[in-house]
Structures are given as C-alpha cells and as structure tokens.
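Quick note: to get this note's numbering, add 507 to the position in the sequence shown (first position is 1). Glycine is no exception: its CB is placed at the ideal position from the N, C-alpha and C atoms. Accompanying notes for the structure given below.
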Amino acid sequence: MSLRRGTLESVSQLSMETNPLMKQNKADHLLLRVPKLLYFHEIPKWQQDNEFLLSGYRPTSGSTWVSYTGILYLHNQTINIYSHLAGCIVFCILPFYFYWNSYQFQANAQVDDIVVISIYCLGVAVCFAFSATFHILWNHSYALTSFWNKLDYLGILVLMWGAGIPTIYYGFFCNQNLQWFYWMTTSGTALGCAIVTLHPSFISPQFRHWRACFYGGFGLSSIIFVVHGLILHGWELQKAHMSLNWMGWMATSNLTGAIIYAARVPERWVPHKFDIFGASHQILHVAVMIAAVIHFYGLLNAFSIIRSKVDTCGN
C-alpha cells in the first residue's frame, strides 16, 4: 500500500479534513484509514526509543482499535509485529509437531516429555505474543505503552523460565531431587524478576542498569545447573542430555542479536535506509526466533537420545 507524506488516505473517500484518528464512528469500523507517518522529531518523547530510526512512525492514537489497524499498513513497527506474531503461531503448533513426529514413535516416551516440551513452546509463544502486542500498541498512549512494555519484559522471563524446565528435566534425567531443586530455584528466581518487572519504576531510564543486572543474572543462572551437570556426568553424557552443542548455537544467535540491537546497526550507518526494513530491533527479533527454534530441536535431540534407551539410568 502506498503512503504519501502530508496526506491521509482513506478507502472510504471521506473528506480529507476529517481527522481519522479522532473522529471515527461505528459506521467506519470496517474502513482502513492510513495516517500520515511521522519523523522521529515529530513524535512524543515517550515514543522516541531509537534516534537512528528517523521516519515511519505512527501518530499517537489514543485508541486500541486504531493501533490495531496498524497491522494492515506498512510502518517502522510492521516487521517487529509480524515476526513475533508468526513466531507465536509456530510455537503454538510445535507441541503437536513434537507429538506426531517424535513422541508417538518412541516406545519409551512418557507424558512428562509432552509436558516439559509444551511448557517450553508455550513460554516462547507467550513471549512472542506479548512482544507483538507491545509493538502493535506502541503508539497508543504513554500509560498503555508503558504497561505493555513491562509485559514485553515479562514475556522474556517466561521464555527463559520455560527454556530451563525441559533442559533441567533431561539434564538431570536420573536424579529427580536435582530436577526439583533446579526447577524450584529457577522458578523462584523468575518470580523475583517478575515482581521487579511489574514495579512502576522498572521501565524508567534510571532503572536501565538494574534491568540489565536482573535479566542478565537470570539468564546466566542457567550456567550453574549446566556446570553442575558436567561435574556429575561429564561432557559426553551431558552433551547429549542437555544438547550442549545446540545450546551453544542458541546462545550464539541470541548474543548476535543482542549485540546488533545494542549497537543499533545498521541504521546508525545509513540514515533512513533501514527505517522500515532491516533495523537492529528487527534483526534481534529474527535472532531470538532462530535461537528459540534451535533450542526446540535441541530438546528433540535430547528426547530422542534418552527415550531410545530402554534403561537410560542403568538401574
């Protein structure tokens, strides 16, 4: 759909003098009105997140409906929205994929396998759903955008927590006490971070370093149970049970996306060129999706290795 600066297109062909963002009525609810997209300096301070993205911003809507119609035209949040909408749908389907393509072909498979892998997939789906909704409502209002920004961070916590559950299950497959110990510590840490996330000051600029500490600490806490598993069982066994090779690629993808996002490249190098396609935040979204898929296949690999043996624990 073509966008012209300084004009307001409407499929209803109503008067150009009517403000479509403020004067919608019930008869117009099926009609898409494409607003004039703004430059960075034209949007409110609370929307100014990346000074290197110079154009393609939606005006403040003040309306959930108007913000949601943003999924129907092109702007600088479109790729962020659709990348994680697609990811959410994919991870809602993957538990069924696991059942039909892996679970039912393993005679030793247990319901526990479905539960832990579904927890992971659901965690990813929740993360992506919160992310997509946040980007859809990015232009609504300061209050609602701030609320969904917190839920966006909360979704990251849910993803990390969900990723830990099956990893711990297969990593300590023969030791239920350690399974429960690390499940409880991981869940407790996630709950603590969630409480901090919902604090009113969480998304303030002054809290940025604390956000990094809490989320970085939670992410790095997984190293503890990985190292513990290596000490107990050695590299060869844990490489299979925790799919450490897959985990390494997952970490590489996440780290690459995070570095690009923090550096805000390539948009800082070529102004305007990446405002709509190829910005750092979009690259981060894709990197996180790739990492999530890598971890899923790592879990399938661990499941196949463990359940292919009649007596994995040698009892």
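Among all the DSSP beta bridges, which residues are the ones paired with residue i?
i	result
residue 564	545
Assign residue i to one of three DSSP states: helix, strand, or coil.
i	result
residue 540	strand
residue 552	helix
residue 816	coil
residue 749	coil
residue 569	coil
residue 581	coil
residue 743	helix
residue 629	helix
residue 670	helix
residue 714	helix
residue 619	helix
Starting from the C-beta of residue i, find all residues in its chain whose C-beta is less than 6 Å away, skip the five residues before and the five after it, and write them out in chain order.
i	result
residue 565	577, 582 and 646
residue 631	598, 666 and 799
residue 633	662 and 665
residue 635	591, 594 and 595
Does the ligand PLP have a heavy atom nearer than 6 Å to the CB of residue i?
i	result
residue 705	Only the bare structure without any ligand can be found here, which leaves the ligand PLP out of the picture.
Note down the Cα distance separating residue i from residue j, rounded to an integer number of angstroms.
i	j	result
residue 719	residue 765	12 Å
residue 819	residue 619	15 Å
residue 731	residue 629	24 Å
residue 806	residue 742	17 Å
residue 748	residue 754	11 Å
residue 675	residue 687	9 Å
residue 648	residue 641	12 Å
What does a CB cutoff of less than 7 Å around residue i pick up in its chain, not counting 5 residues either side in sequence?
i	result
residue 592	639
residue 796	590 and 594
residue 817	615
residue 733	749
residue 655	640, 641 and 644
Among the residues of its own chain, which have a CB less than 8 Å from the CB of residue i, if the five just before and after it don't count?
i	result
residue 780	773 and 774
residue 668	630, 693, 694 and 697
Are the CB atoms of residue j and residue i within a distance shorter than 7 Å?
i	j	result
residue 813	residue 680	yes
residue 787	residue 804	no
residue 672	residue 626	yes
residue 541	residue 575	no
residue 790	residue 563	no
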